[in-house]
Every structure is written in C-alpha cells, then in structure tokens.
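Student: Residue numbers (the numbering used here): -18 to 54.
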C-alpha cells in the first residue's frame, strides 16, 4: 500500500514537472491531473487492470470538464 502511494506521488510530480504541462489549456491540465489521480486511486484500492484503467478514464473526463469550467470563468 505504501509503495502505491509513493508511486502515485512520483507520477504526479513527474506530470507537474513537464515543460509541456505549462503549454496546456486549463481543461487539458485538469484531464491529466484527473487521470493520474483516478489511476492512483484505482491502484491503491487494489482494483483489477480494467478497473484501474476505467478509473483513470473517468478521472480524466471529470478533470477535463472541471478544468474547462474553471478556464471559462
């Protein structure tokens, strides 16, 4: 469990450290962050491969919608 949390933090750090992350729209940043969080939550909860991928896809979609809504304000 602790290894999964460390892996999640490392993935988030690598994502936020990318130079391309600065050139993304708010919706795209939300999608990347949401996908990473959804995947991490799926891994930590011990889901199967399909559940982890599904959680990442759902997290990405929710992140994109939320980021777009924030960017439009």
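A virtual CB, placed ideally from N, CA and C, is assigned to each residue, including glycine.
Please read all numbers here as calculations on a predicted model, not as lab measurements.
Does the beta-carbon distance from residue 11 to residue 37 come in below 7 Å?
Tutor: Residue numbering aside, residue 11 sits at position 30 when the chain shown is read from its first letter. Residue numbering aside, residue 37 sits at position 56 when the chain shown is read from its first letter. No, Cβ-Cβ distance for residue 11 and residue 37 is not below 7 Å.
Student: Roughly how many angstroms lie between the CA atoms of residue 40 and residue 17, to the nearest whole one?
Tutor: Locating residue 40 in the chain shown gives position 59, where the first residue counts as 1. Locating residue 17 in the chain shown gives position 36, where the first residue counts as 1. Their backbone Cα atoms lie some 8 Å apart in a straight line.
Student: Assuming residue 49 contacts residue 7 under a Cβ cut-off of 8 Å, what Cβ separation, rounded to an integer in Å, is found between them?
Tutor: Reading the chain shown from its first residue, position 68 is the one you call residue 49. Reading the chain shown from its first residue, position 26 is the one you call residue 7. Indeed they touch by this definition, with Cβ atoms about 7 Å apart.
Student: What first and last residue would you give for the alpha helix (DSSP H) that runs through residue 21?
Tutor: Counting from 1 along the chain shown, the entry for residue 21 is found at position 40. Start and end: 7 to 25.
Student: Report the option in 9, 5 and 4 whose CA atom is closest to the CA atom of residue 44.
Tutor: Within the chain shown, residue 44 is the residue found at index 63, counting from 1. Ranking the options by Cα distance to residue 44, first place goes to 9.
Student: From residue 27 to residue 20, what distance separates their C-alpha atoms?
Tutor: Translated into the one-based positions of the chain shown, residue 27 becomes position 46. Translated into the one-based positions of the chain shown, residue 20 becomes position 39. So the two alpha carbons sit approximately 11 Å from each other.
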